[in-house]
Structure formats: structure tokens, C-alpha cells
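Participant: First residue of the sequence shown: -5, per the working numbering; consecutive thereafter. Dumping the structure here so I can ask a few things about it.
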Amino acid sequence: ENASAASGQAVAQPTPAPATFRVRVQLQNEATDTVAAAIIDSFHSALLEQLRTVPGLDLVTQDVTAAEPDDPATYQFLVLGSGPSQDNKFSATLMLDARKAARGGYVARYMFQLIGDIGIACYGWGSVDPPSCRDPVAAAADVVGGLRITQFPADPSLREQQQARLLDSSLDPVQRLKALADLASPSSPGRGSSGAESVHDARVVRGAIELAAATADPTHRAQIWRAVRGVNNAALVEPLLVAVRTDPDGSVRMQAVETLAAGFASDSHVHAALELVAANDTRPIVRALARRALAGDATWNEYVTTSLKDAGRPAAERIEAFLYHAFAPARTPGSYLPSAPQAIRELLDTGAIRALTEVFPQVREFPGGAGAKKWLLSALPDMADGPVETDLMVDMIVENLERGVDRIDWLVAVEGLIRRNGIDPRVHAALEELAADDPDLDMRAAAMRLLALEAYPAPAAVTPPPRTP
């Protein structure tokens, strides 16, 4: 040891162990079907086995409902099994109540649902690719992997493993991209991951650049450039410039433009490149994003509304900028955090609302998938300020409720209308018809539930805030 120190050679330091934290897990399996109950039990058992592999985790499985006040971090899980339902589905829902005594009683909530019949489908948090749910064991592994990234205290060894996976060119690009997504996962109070800091590491930046060059999937390239947004490392400039100039996929160019604008807009080479993009890119939305980087939000806001109103464009192009604006705050690959309805509403005058009611029902793909679509459906009623706009929204919602595709999704918008304005006669009539004789039992049950909301009085009228000119 002394010889090494004298020669100036670095002495490897052991990776610090994560602080010990306690996890309590309870099972409440109420499934009445034998097969469903066995799958839920298997998920619970696999979850315990996965948790036992986490460094520093003190696992408690007995029925304990209160945390000791001196616990530095206590996580209380309930695995709730139920089913089968009317359509022969069962579910295992994992609920987390994470109480942090050191943070003054901070509470974080986390939910994961495993749902299916005999063939299991899985719905969890957003990720580069959907979680593997071939069986309960695979689902449990995905759950614990996500918890280690988003909830549990920081584990330096895990971060090192992710960096190694990202830099390993022998791995499948999807695995490397998952490692980058985990490293870029943002921190928040009560969450242990320091991913937002990890992605600034020079090795992570180098791995992201190498991965972008190696992957043939444009969706993944776009996710890579979004993952490094806000990382102001000069090594990113040249590959991002190459992407905005030459990548054949418009979504990749969009994300590269946004990342350049976020971190390098003052660079003269970047400024010149954005001017060329604003003038010459083949995609109108890419040109609009480049103009926003050069001239500010006003040009973008105008583009969102004018493209919505332009009946000469294809429907997908008319609504593209609106959807991008609605979900643009997302910064983690695969996850979408929508804007507040008020922030979207400020862009829309009555003409834009009218255009939205024309093109929205024609959209089949949403950023963030089915969950994002349901969020936007729930937000639609809040985008209508006056009686004319509300009538337009009601007409669109009722028409799609009766004759559109994905009708049960539109019930989310109906509930928003009811809670905001009370029962509209047209909505009431449509719900009564559905509840009485719709061939879809789920639609009938949902319509009856919404009719029960008539018992609630309509909210008091609220004067909406003035729109930004």
C-alpha cells in the first residue's frame, strides 16, 4: 500500500454501501378464482425475493401498520389482489406509502398494477419499452428495478452498473438505452436516485453519443437526445448538429433541436444551424421549434393555433403541435408529464377550440400512449371558457360517445364535463341510452356510474383567467 502511494498510483476505494432502510410488505389477496389467486401469490413471493437482493434493505413482512419515528426511511407496501371481474380479469395492485421521518413526514405514493386473465398484461410506469410481464416473476423484477431508480435511497453501486451497461457496446441497444433512461430519471424530495446528476457525468455523455450513433431505431435516437437535455457538455454539440442536419427522421430532429436550444443556443454555430433548420427543414413542426429557439415562445404559440385552424393540412399535422405542446414538459425517456390545462387553454381561442373538436377524434396515436390520451380527454372540458366553446366540446364528446371509436375512453371527458358544469341535457340523454341497452357491459356500468353524479350540484361559476394576448 505504501509503495502504491509513493509511486502515485491510485488506490481503488470501495463503493460506499447505501444506508439501511426498512421496507414493510403486506399481502391482501382477495381474488376468488384459484388461478388468479395463485398468480397474485406468485407475484407477492417474487416481489419479496427481489427486495431481498437490494443492498441495505431491511425487509419486514409481518403485519405492521405504523413506522417507528426513528426510522430514517420507511416504505410500507400493500399488495392487493382482486378478481375476477365481470370480464374475467384479475389484478394485483402494489401500493406504496413511503414515510420519511427525516423529511418531516414526507409521503410518496407509488402504484403498479398487474392485470389480466391467464395471459397477463402489465401496466406500470413509463419506460423505454413496456415492462416485461411474461409472468409474475418478471413483473416483480421490473417493479423492484423501478423502485430502486425512483423511490429507494441512492445506491452508488447501482449507478455504476447502469453506467457500465450504457458503455457496453456488446449489449443490445435497447438495454443500453434503458440504462441511460434510468440514469436520466429525475430526482425529487424523498427519492433516492441522483439520476438527474448522473446524466451529467462525462462517461454517460460519451455513452449517449456512442449509442445514438449505433442505434438504427429513430424512436430510440429521439429518446437519447431528450435524455441529455440540459446537459451542457460541449461534446454533445457536434453530434446534435449532425442530427438536426442529416437525420432522416423528423422526431429525431425535433428532439435534437430542443436539446440544442436548451443548452447551446448562445453558441454561434448552433445559432446558425437553427436558422437553417427554421428556413429549410422538411417538417413544419421542426421549423417551428427552431424558430421558437431563435425568437421566443410567441412564434411557437402562434404556430400551434394556426396549424390547428388550417383545414388544408392533414388532421395529424394540424394537431401535431398541439399534442407536442401538451406533453412537452416530459424530460425522462418514455414518460410524459402533461402541461396544466390552463397552460394549454391560454393558447386556444374559439376558432382553435372549434378546430380541435374537428381533428381530435381523428387522432389514433398520442405521445405517451393510452394514459396520455385519457389525461387529455379529462382536460378537454377545462379548455372551454365560454358557452360557445362548451357547446362545441359537448357536441364532440357526445358524438364520439355514441358513434366514435374507443368510446369508453370518452367517458373520461364526460366525467370532466359533469364535474365542471353539471349534467348537460345532451350528455344526460346519451348516458341514459348507453345505460339502458348498450351491448358493451362495461359501457353500461360506466354510464350508470356517471348518471349517479347527478346527485352532486353543479359547481359555482368560475370566471376564467384572461388569455395571454
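Idealized CB from N, CA, C, for every residue including glycine.
When you compare each of Glu204, Asp291 and Met248 to Ala229 by their alpha carbons, which one comes out closest?
Facilitator: Position 235 of the sequence shown holds residue 229. Checking every option, the nearest Cα to that of Ala229 belongs to Glu204.
Participant: Once DSSP output is grouped into helix, strand and coil, what is the label at Leu342?
Facilitator: In the sequence shown, the residue the question calls residue 342 occupies position 348. Looking at Leu342 - three-state DSSP - the assignment turns out to be coil, as it is neither helix nor strand.
Participant: In terms of alpha-carbon separation, which member of Val264, Ala310 and Asp176 lies closest to Leu152?
Facilitator: The residue given as residue 152 occupies position 158 in the sequence shown. The shortest Cα separation from Leu152 among Val264, Ala310 and Asp176 belongs to Asp176.
Participant: For the beta strand (DSSP E) that Phe37 lies in, which residues bound it at each end?
Facilitator: Sequence index remark: in the sequence shown, residue 37 carries index 43 (1-based). Premise fails: Phe37 lies in the alpha helix (DSSP H), Thr28 to Leu45, not in any beta strand (DSSP E).
Participant: What does the alpha-carbon distance come out to for the pair Gly244 and Ala30?
Facilitator: Position 250 of the sequence shown, counted from the start, is the residue given in the question as residue 244. Position 36 of the sequence shown, counted from the start, is the residue given in the question as residue 30. Roughly 44 Å between the two C-alpha positions.
Participant: Counting only the same chain and skipping the five closest in sequence on each side, list residues whose C-beta sits under 6 Å from that of Trp219.
Facilitator: Sequence index remark: in the sequence shown, residue 219 carries index 225 (1-based). Cβ within range, chain order: Gln249, Ala250 and Thr253.
Participant: What residue range does the alpha helix (DSSP H) around Gly140 cover?
Facilitator: Working through the sequence shown from its first residue, we reach residue 140 at position 146. That run of the alpha helix (DSSP H) goes Pro130 to Thr144.
Participant: Considering Cα atoms alone, identify which of Glu426, Leu386, Phe321 and Thr28 is closest to Val353.
Facilitator: For the purposes of this step, residue 353 is taken as the residue at position 359 of the sequence shown. Considering only alpha carbons, the answer is Leu386.
Participant: Between Ser301 and the rest of its own chain, which residues show a CB-CB distance below 6 Å, the 5 nearest in sequence each way excluded?
Facilitator: The count along the sequence shown starts at 1 and reaches residue 301 at position 307. Closer than 6 Å at Cβ, skipping near neighbours: Arg312 and Ala315.
Participant: Determine the extent of the beta strand (DSSP E) in which Leu51 is found, giving its start and end residues.
Facilitator: If you number the sequence shown from 1, residue 51 lands on position 57. Residues Leu51 to Val54.
Participant: From this set, Thr209, Arg413 and Asp35, which residue's C-alpha is nearest Asp27's C-alpha?
Facilitator: In the sequence shown, residue 27 corresponds to position 33, counting from 1. Of Thr209, Arg413 and Asp35, the residue nearest in Cα terms is Asp35.
Participant: Excluding sequence positions up to five away, which residues of its chain have a Cβ less than 7 Å from the Cβ of Ala383?
Facilitator: Position 389 of the sequence shown, counting from 1, holds the residue named residue 383. According to the sequence as given, residue 383 is Glu; it is not Ala. The residues are Thr344 and Ile347.
Participant: Is DSSP giving Asn415 helix, strand or coil here?
Facilitator: Here residue 415 refers to the residue found at position 421 of the sequence shown. Three-state result, Asn415: helix.
Participant: Could you give the residue range of the beta strand (DSSP E) that holds Ser76?
Facilitator: Within the sequence shown, the letter at position 82 stands for residue 76. Counting along the chain, the beta strand (DSSP E) containing Ser76 begins and ends at Thr68 to Ser76.
Participant: Pull up the distance between the alpha-carbon of Asp149 and that of Ala287, whole angstroms please.
Facilitator: Here residue 149 refers to the residue found at position 155 of the sequence shown. Here residue 287 refers to the residue found at position 293 of the sequence shown. Whole-angstrom Cα-Cα distance: 37 Å.
Participant: Could you pull out every unbroken beta strand (DSSP E) segment of at least 3 residues lying fully inside the region 389 to 443, listed in chain order?
Facilitator: The region 389 to 443 contains no whole beta strand (DSSP E) run of 3 or more residues.
Participant: I think Pro278 touches Val246, with their Cβ atoms under 8 Å apart; what is that distance to the nearest whole Å?
Facilitator: The residue labelled residue 278 in the question sits at position 284 within the sequence shown. The residue labelled residue 246 in the question sits at position 252 within the sequence shown. About 16 Å separates the two Cβ atoms, so there is no contact after all.
Participant: Gly77: which of Gln22, Leu42 and Gln70 sits nearest, CA to CA?
Facilitator: Locating residue 77 in the sequence shown gives position 83, where the first residue counts as 1. Checked all of Gln22, Leu42 and Gln70; the closest Cα to Gly77 is Gln22.
Participant: Just to confirm before moving on: does the CB-CB distance between Met442 and Ala430 stay below 7 Å?
Facilitator: As a working mapping, residue 442 is identified with position 448 in the sequence shown. As a working mapping, residue 430 is identified with position 436 in the sequence shown. Contact flag unset, no.
Participant: Look at the alpha carbon of Gly380 and the alpha carbon of Ala309, and state the distance between them as a whole number of angstroms.
Facilitator: Position 386 of the sequence shown, counted from the first residue, corresponds to residue 380. Position 315 of the sequence shown, counted from the first residue, corresponds to residue 309. Those two C-alpha atoms are separated by around 25 Å.
Participant: Since Ala366 contacts Phe321 with CB under 8 Å, what's their CB separation in whole angstroms?
Facilitator: As a first step, residue 366 is located in the sequence shown; it is residue number 372 there, counting from the start. As a first step, residue 321 is located in the sequence shown; it is residue number 327 there, counting from the start. 6 Å between Cβ atoms; contact.
Participant: Out of curiosity, what's the CA-to-CA distance linking Lys303 and Ala282?
Facilitator: Here residue 303 is taken as the residue at index 309 of the sequence shown, counted from 1. Here residue 282 is taken as the residue at index 288 of the sequence shown, counted from 1. Computed Cα separation, rounded: 16 Å.
Participant: Is it the case that the region 166 to 175 contacts the region 129 to 138, given that we only count it when at least three CB pairs across the two stretches are under 8 Å?
Facilitator: As far as the Cβ criterion goes, the region 129 to 138 does not touch the region 166 to 175, which means the pair count is below three.
Participant: Quick check: the Cα distance between Val490 and Leu72, rounded to an integer number of angstroms?
Facilitator: Since the first and last residues shown for the chain are -5 and 463, residue 490 lies out of range.
Participant: Measure from the alpha carbon of Arg397 to the alpha carbon of each residue in Met437, Ile417, Ala284 and Gln157, then state which is nearest.
Facilitator: As a working mapping, residue 397 is identified with position 403 in the sequence shown. For the residues Met437, Ile417, Ala284 and Gln157, the minimum Cα distance to Arg397 belongs to Met437.
Participant: State the DSSP-derived secondary structure class of Thr240, mapped to helix, strand or coil.
Facilitator: Here residue 240 is taken as the residue at index 246 of the sequence shown, counted from 1. Three-state DSSP puts Thr240 in a helix.
Participant: So, Val193 versus Val238, is the Cβ gap smaller than 7 Å?
Facilitator: In the sequence shown, counting from the first residue as 1, residue 193 sits at position 199. In the sequence shown, counting from the first residue as 1, residue 238 sits at position 244. Their beta carbons are not under 7 Å apart, which means Val193 does not touch Val238 by this criterion.
Participant: CB Gly410 to CB Pro375, shorter than 7 Å?
Facilitator: Translated into the one-based positions of the sequence shown, residue 410 becomes position 416. Translated into the one-based positions of the sequence shown, residue 375 becomes position 381. Cβ atoms of Gly410 and Pro375: closer than 7 Å.
Participant: Quick check on DSSP: helix, strand or coil for Gly184?
Facilitator: Looking up residue 184 in the sequence shown gives position 190. Its pLDDT being 34, under 50, Gly184 is placed unreliably in this model, and the value from its coordinates should be taken loosely. Coil.
Participant: Among all the DSSP beta bridges, which residues are the ones paired with Gln356?
Facilitator: For the purposes of this step, residue 356 is taken as the residue at position 362 of the sequence shown. Paired residues: none, contrary to the question.
Participant: With respect to the beta strand (DSSP E) encompassing Arg277, which residues constitute its N-terminal and C-terminal limits?
Facilitator: To locate residue 277, count along the sequence shown from 1; it is residue 283. From DSSP, Arg277 is part of no beta strand (DSSP E); its letter is neither H nor E.
Participant: Quick check on Leu165: does DSSP put it in helix, strand or coil?
Facilitator: By 1-based counting over the sequence shown, the position of residue 165 is 171. Three-state DSSP puts Leu165 in coil, outside helix and strand.
Participant: Can you find the residues in the same chain that come closer than 8 Å, C-beta to C-beta, to Ala267, ignoring five residues on each side of it along the sequence?
Facilitator: Residue mapping note: residue 267 aligns to position 273 of the sequence shown, counting from 1. Excluding residues within five positions, the ones whose Cβ falls inside 8 Å are Leu235, Val238, Arg239 and Leu254.
Participant: Is it buried or exposed for Gly140, if we count other Cβ within 10 angstroms and need 16 for buried?
Facilitator: What you label residue 140 is simply residue 146 of the sequence shown in a count that begins at 1. The residue in question, Gly140, is buried, as its Cβ has 16 or more Cβ neighbours within 10 Å.
Participant: So Ala424 and Val392 are in contact, right, with Cβ under 8 Å, and what is the actual spacing, rounded?
Facilitator: As a position in the sequence shown, residue 424 is number 430, starting the count at 1. As a position in the sequence shown, residue 392 is number 398, starting the count at 1. Right, their Cβ atoms sit about 5 Å apart.
Participant: On the DSSP letters alone, give me the boundaries of the beta strand (DSSP E) that Leu447 sits inside.
Facilitator: Position 453 of the sequence shown, counting from 1, holds the residue named residue 447. Taken as a continuous stretch (DSSP letters only), Leu447 belongs to no beta strand (DSSP E), as it is neither H nor E.
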